[in-house]
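Input: a single structure, listed below in structure tokens.
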Amino acid sequence: MLAFNWKVEYEDGTSLEQFEDGVENLYGDIDHSKVKEFKLEGENGNFKVVVNDGEIWAGEEKLKEGWGFPGTSKKAHYFIDGTALCRKWGFYYGPLEQGKDDSPDNCAECKRALAKRKGG
Ligand SMILES: [Zn+2]
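The sequence shown stops at residue 1161 when you use the working numbering, and every number in between is there.
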């Protein structure tokens, strides 16, 4: 599941987060007169949207591709933009890992596709 939490940085250096000490702040609690940055952050820090001075930029993804374990899969599949190279899994935006390309836990088809992609 992909969930986003918002965080507001104020011009005076203070900030307001959607969840503080387990209590949820509402969007309406934001003091819009002194907002410097409005951020939406994914659970794993994989994705971030920042609205700054009316400019929106997305990114700062830690990893755009890598090995992940989707749903009930016992094998790791190699994901690029949420889709496994073997095409058996899609819309996966959970944690990804780089390296470990030779792990026995890896899906054989993804392994082959990745080797091909890297020119192997
Ligand atoms: Zn696979």
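Using N, Cα and C, we set each Cβ at its ideal position, and we do this for glycine too.
1110 is the residue among 1075, 1110, 1055, 1070 whose C-alpha sits nearest the C-alpha of residue 1147. Distance from the C-beta of residue 1138 to the nearest heavy atom of ligand 1 is not below 7 Å. For the pair residue 1105 and residue 1058, the Cα-to-Cα distance works out to about 26 Å. DSSP places residue 1134 in the coil class of the three-state scheme, outside both helix and strand.
For residue 1125, the CB falls within less than 7 Å of some heavy atom of ligand 1.
In this structure, the straight-line span from the alpha carbon of residue 1125 to that of residue 1074 is close to 44 Å. Contact annotation: residue 1064 and residue 1056 have beta-carbon atoms that are not nearer than 8 Å.
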